[in-house]
Amino acid sequence: MLLGVIADDFTGATDIAGFLVENGMRTIQVNGIPSANMEINADAVVVSLKSRSCPTEQAIEQSVAALKWLQAQGCQQFYFKYCSTFDSTAKGNIGPVTDALLDVLGEDFTIVCPALPVNGRTVFNGHLFVLGQLLSESGMRNHPVTPMTNSNLMDLMDAQSKGKTGLINYQSIEQGADAIIGEFAELKAQGKRYAVVDAFKAEHLNEIGKAARSLKLVTGGSGLAAGIAKNWDEHLQDQTQAKQAGHPAKAPTVIFSGSCSVMTNKQVELYKAKAPFFALDIEQCMSNENYVNDVFDWVISHTNESLAPIVYATADAEKLKTIQQQYGAETSSQAVETLFSLLAIKLQDSGIRNFIVAGGETSGVVTQSLKVDSFHIGPQIAPGVPWVKAINQDLSLALKSGNFGDEHFFTTAQGYF
Numbered sequence: 001m002l003l004g005v006i007a008d009d010f011t012g013a014t015d016i017a018g019f020l021v022e023n024g025m026r027t028i029q030v031n032g033i034p035s036a037n038m039e040i041n042a043d044a045v046v047v048s049l050k051s052r053s054c055p056t057e058q059a060i061e062q063s064v065a066a067l068k069w070l071q072a073q074g075c076q077q078f079y080f081k082y083c084s085t086f087d088s089t090a091k092g093n094i095g096p097v098t099d100a101l102l103d104v105l106g107e108d109f110t111i112v113c114p115a116l117p118v119n120g121r122t123v124f125n126g127h128l129f130v131l132g133q134l135l136s137e138s139g140m141r142n143h144p145v146t147p148m149t150n151s152n153l154m155d156l157m158d159a160q161s162k163g164k165t166g167l168i169n170y171q172s173i174e175q176g177a178d179a180i181i182g183e184f185a186e187l188k189a190q191g192k193r194y195a196v197v198d199a200f201k202a203e204h205l206n207e208i209g210k211a212a213r214s215l216k217l218v219t220g221g222s223g224l225a226a227g228i229a230k231n232w233d234e235h236l237q238d239q240t241q242a243k244q245a246g247h248p249a250k251a252p253t254v255i256f257s258g259s260c261s262v263m264t265n266k267q268v269e270l271y272k273a274k275a276p277f278f279a280l281d282i283e284q285c286m287s288n289e290n291y292v293n294d295v296f297d298w299v300i301s302h303t304n305e306s307l308a309p310i311v312y313a314t315a316d317a318e319k320l321k322t323i324q325q326q327y328g329a330e331t332s333s334q335a336v337e338t339l340f341s342l343l344a345i346k347l348q349d350s351g352i353r354n355f356i357v358a359g360g361e362t363s364g365v366v367t368q369s370l371k372v373d374s375f376h377i378g379p380q381i382a383p384g385v386p387w388v389k390a391i392n393q394d395l396s397l398a399l400k401s402g403n404f405g406d407e408h409f410f411t412t413a414q415g416y417f
């Protein structure tokens, strides 16, 4: 085992797993921390948690437990994977988890690298941009759980961690790995615990990956995975069989969308124009015990059409605000996730074998409800979104972070059957 990854949500886990496979690493994803030793034949293992927005103490506990399990598997380097939009609050959980992992490893320095240029997430002079907009001016400013109103990664990290953050700017990055290593040493001498690294193209990430080879812990989005994977080239084998293991089969399919991101709103609207769709009624989710049966009956009645039916709770920022004011943010969100959970179980029992899911929280709920404990990683539908296939049952899933994929994502995903 070469690399152990701790991901703070399910879609983030499949995101980085897909990049590792694309760059030559045989990769298995496990959902939660295995309760027993597993026979794993892989170069990398990704442990997916639901620690992004849970209480900080719980996030630390889960992440440290995942680290210790990965250490027991013999992993040589560790990667704390969080969202490329640095989803967090002033209390965490990115900073506190990073600190806890460093402490357990006996290390005092790591990097902060959320950049994913292929999906428009770039870092320039320590500020995070989304598709050319500052993070604080992007759709993430309206995120219902982790609204991002500051784009300065040094400020964000300092606010939620116990150490101080420095910057390695793009001029140093473009001088290559040796220069970056020199900057690591300089920041450590200044007493810095974390280094935010500029990156706005793939070449930057490759050089950062080379420089990070000596770091026991790296932190970031999935973009850095390609650079990290290249460090292990001499140990890697042919990936053909590994990729085929995660390929979906042609079978009854359904789409769930729980994300309210800007891109998912566009994807849902475009898909509705050509496929059967069902918009969830929040009040019915909260008050009608038989509502899940009504939705189930509707889905089953549309499974033989050319495109899979979609069930969605996706709403734009204004509608979402109204729903949260009327029903309460946590109460309404929990009601929707409970319905998706019950619906997924009923649909699997009725023969649905492919689930396409938009939204990190929704993906986590569906995966747990279907009792999927580990995945083979298959072909990438879009950067950061691979098809994955359950190791322990006949089931394939595409788990999409809200803003990932282009507007045709839901149709494109079905082109792999």
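Straight run, no breaks: the sequence shown in the UniProt record's numbering ends on number 417.
Where a beta carbon is used, it is the ideal one built from N, C-alpha and C, also for glycine.
If we ignore side chains and look at the alpha-carbon of each, how far apart do C119 and F409 end up?
It is Asn, not Cys, that sits at residue 119 in the sequence shown. For N119 and F409, the distance between alpha carbons rounds to 14 Å.
Please return the same chain residues whose Cβ sits closer than 7 Å to the Cβ of E107, not counting the five positions on each side in sequence.
K216, L217
Quick check for students: name the residue ranges of the alpha helix (DSSP H) that lie wholly in the region 110-176, counting only runs of 4 or more.
153-160, 170-173
Across the region 332-348 and the region 359-373, are there enough close Cβ pairs to call them in contact, namely three or more that are closer than 8 Å?
yes
Mind checking which residues open and close the beta strand (DSSP E) that includes G4?
3-7
Report all residues from its chain with a CB closer than 6 Å to the CB of T59; omit the five preceding and five following residues, and keep chain order.
A quick correction: the sequence has Ala, not Thr, at residue 59. Cβ neighbours of A59 beyond the five flanking positions: S51, N93, V97.
For I111, the nearest candidate out of A413, D294, Y194 (CA to CA):
Y194
Please tell me whether K389 and G246 are closer than 7 Å, where the distance is taken between their beta carbons.
yes
Reference K319, options V262, I377, Q334, closest by Cα
V262
Contact set for L187: own chain, Cβ-Cβ below 6 Å, skip 5 residues either direction:
G166, A195
Check N41 in the structure and name its three-state DSSP category.
coil
Per DSSP, N31 forms a beta bridge with which residues?
S48
Does the Cβ-Cβ distance between K68 and I16 come in under 7 Å?
no
N- and C-terminal bounds of the beta strand (DSSP E) containing F78:
77-81
In terms of residue numbering, what span does the beta strand (DSSP E) encompassing N354 cover?
354-358
What are the boundary residues of the beta strand (DSSP E) that includes V196?
194-197
Going by beta carbon distance, what residues of the same chain come within less than 6 Å of I255, once the five residues before and after it are set aside?
A308, I310, I356, F410
Contact set for K192: own chain, Cβ-Cβ below 6 Å, skip 5 residues either direction:
K164, G166
Thinking just about the alpha-carbon of each residue, which of S138, S287, T303 is nearest to the one in F278?
T303
Assuming the contact rule is C-beta atoms closer than 8 Å, S161 and D99 should be a hit. Round their C-beta distance to whole Å, please.
6 Å
CA-CA distance, A251 and Q414?
10 Å
Evaluate the contact criterion for the region 219-236 versus the region 197-211: three or more CB pairs, one atom per stretch, below 8 Å.
yes
Measure the beta-carbon distance from N23 to A226 and round it to whole angstroms, keeping in mind my assumption that it falls under 8 Å.
5 Å
Simplified DSSP state of H247, which is helix, strand or coil
coil
Residue of L105, D43, D198, A398 minimising C-alpha distance to S63:
L105
Check this for me: beta carbons of G4 and C75, under 7 Å apart or not?
yes
For the beta strand (DSSP E) holding H376, just list the boundary residues, first then last.
374-382
Among T14, R353, Q244, G176, whose alpha-carbon lies nearest the alpha-carbon of A212?
G176
Between S350, W232, I391, I381, which lies nearest to T367 when the distance is taken from Cα to Cα?
I391
Rounded to whole angstroms, what is the Cα-Cα separation between D155 and Q284?
42 Å
Under three-state DSSP, which class holds I255?
strand
Can you tell me which of S35, V46, F10 puts its alpha carbon nearest to the alpha carbon of M1?
V46
Is the distance from the Cβ of M157 to the Cβ of T85 below 7 Å?
no
In or out: V400 buried (at least 16 other Cβ within 10 Å) or exposed?
In the sequence on display, residue 400 carries Lys and not Val. So K400 ends up on the buried side.
In terms of residues, what are the limits of the beta strand (DSSP E) holding K91?
Unbroken run through K91: none, as it is neither H nor E.
For the alpha helix (DSSP H) that A390 lies in, which residues bound it at each end?
Taken as a continuous stretch (DSSP letters only), A390 belongs to no alpha helix (DSSP H), being part of the beta strand (DSSP E) at 385-390.
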